[in-house]
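To convert, note that position 130 of the sequence shown is 130 in the UniProt record's numbering; the numbers rise steadily by one, no gaps. Note that beta-carbon positions come from the ideal geometry of N, C-alpha and C, so glycine has one too. These numbers were taken from a predicted model, which means no experiment stands behind them.
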Amino acid sequence: MYIPFENLPGESRIWIYQSNRKFSEEEFSEIETDLKAFVEEWAAHGTSLEASFELKYNRFIILAVNQDVQAATGCSIDSSVEFIQSLEKKYNVDLLDKMNVTFKLGEHIAHKPLIDFKKMVKDKSVSENTIVFNNLVNNIEEYNESWEVPAADSWHSRFF
Numbered sequence: 001m002y003i004p005f006e007n008l009p010g011e012s013r014i015w016i017y018q019s020n021r022k023f024s025e026e027e028f029s030e031i032e033t034d035l036k037a038f039v040e041e042w043a044a045h046g047t048s049l050e051a052s053f054e055l056k057y058n059r060f061i062i063l064a065v066n067q068d069v070q071a072a073t074g075c076s077i078d079s080s081v082e083f084i085q086s087l088e089k090k091y092n093v094d095l096l097d098k099m100n101v102t103f104k105l106g107e108h109i110a111h112k113p114l115i116d117f118k119k120m121v122k123d124k125s126v127s128e129n130t131i132v133f134n135n136l137v138n139n140i141e142e143y144n145e146s147w148e149v150p151a152a153d154s155w156h157s158r159f160f
């Protein structure tokens with residue numbers, strides 16, 4: 001059951017998927033339509049999930065579930081991963097590789113393999129003040145407070 005993202009409680013569980021490239025406006029519009037249809041039907045053991053999504057920066061897909069109403073189960077999480085994999089195939093992108101870092105360079109959003117990001121740190125191309133996207137946040141409250149943060153305030157800090 002689709003619920004507007006802003007209406008979900010802060011403790012709602014989230015999953016963040018980052019694309020290795022920016023989506024076009026047309027692609028993002030199609031993805032939004034597909035996500036809405038998926039979330040409307042998303043269920044755990046036959047019970048509808050109170051769920052939503054948010055799309056950010058033409059690059060991120062954030063899925064959310066209100067676990068107070070019905071917890072996401074292994075099967076329902078598997079179905080969401082299958083849905084994300086279908087988007088990967090449809091748009092020829094990588095959404096599941098966790099070994100990449102997305103960060104801001106001024107107004108530009110950059111996406112680099114972790115090894116390249118480490119090299120940028122060494123070369124001082126990025127600093128502890130570089131805004132990174134901490135995709136390890138677990139719920140909406142953490143997402144709102146700790147998703148876009150200086151590298152010094154995230155797991156990326158270990159590279160400095």
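Check residue i in the structure and name its three-state DSSP category.
i, result
"Asn7", "helix"
"Ser19", "coil"
"Ser48", "strand"
"Glu54", "strand"
"Thr102", "strand"
How long is the line joining the alpha carbons of residue i and residue j, rounded to whole angstroms?
i, j, result
"Ala110", "Lys122", "17 angstroms"
"Glu27", "Tyr91", "8 angstroms"
"Phe103", "Phe60", "12 angstroms"
"Ile140", "Arg13", "7 angstroms"
"Thr73", "Lys22", "30 angstroms"
"Ile131", "Glu6", "23 angstroms"
"Thr47", "Ser76", "10 angstroms"
"Ile84", "Lys36", "13 angstroms"
"Trp15", "Lys124", "31 angstroms"
"Ala44", "Leu63", "15 angstroms"
"Gly10", "Glu40", "20 angstroms"
"Asn144", "Lys119", "29 angstroms"
"Gly106", "Glu54", "23 angstroms"
"Trp151", "Asn135", "Trp is not the amino acid found at residue 151; the sequence shown has Ala there. Going from the Cα of Ala151 to the Cα of Asn135 covers about 12 angstroms."
Hey, is residue i close to the ligand NAD, as in C-beta under 8 angstroms from one of its heavy atoms?
i, result
"Phe133", "Absent from the structure shown: the ligand NAD. Ligands present: none."
Report the CB separation of residue i from residue j in whole angstroms; it is logged as a contact under 8 angstroms.
i, j, result
"Leu114", "Tyr17", "Not a contact, Cβ separation roughly 17 angstroms."
"Ile3", "Ser79", "Not quite, the Cβ-Cβ distance comes to about 18 angstroms (not below 8 angstroms), so this is no contact."
"Glu32", "Met1", "That pair is no contact at about 17 angstroms."
"Asn138", "Val93", "24 angstroms between Cβ atoms; not a contact."
"Phe133", "Trp147", "6 angstroms"
Going by Cα to Cα distance, which pick from the options is closest to residue i?
i, options, result
"Leu87", "Glu30, Cys75, His156, Pro150", "Glu30"
"Phe117", "Ser157, Lys56, Pro9", "Ser157"
"Tyr57", "Ser127, His108, Asn135", "His108"
Check: Between the segment 62-72 and the segment 94-106, do at least 3 Cβ pairs fall closer than 8 angstroms?
Finding: No contact exists between the segment 62-72 and the segment 94-106.
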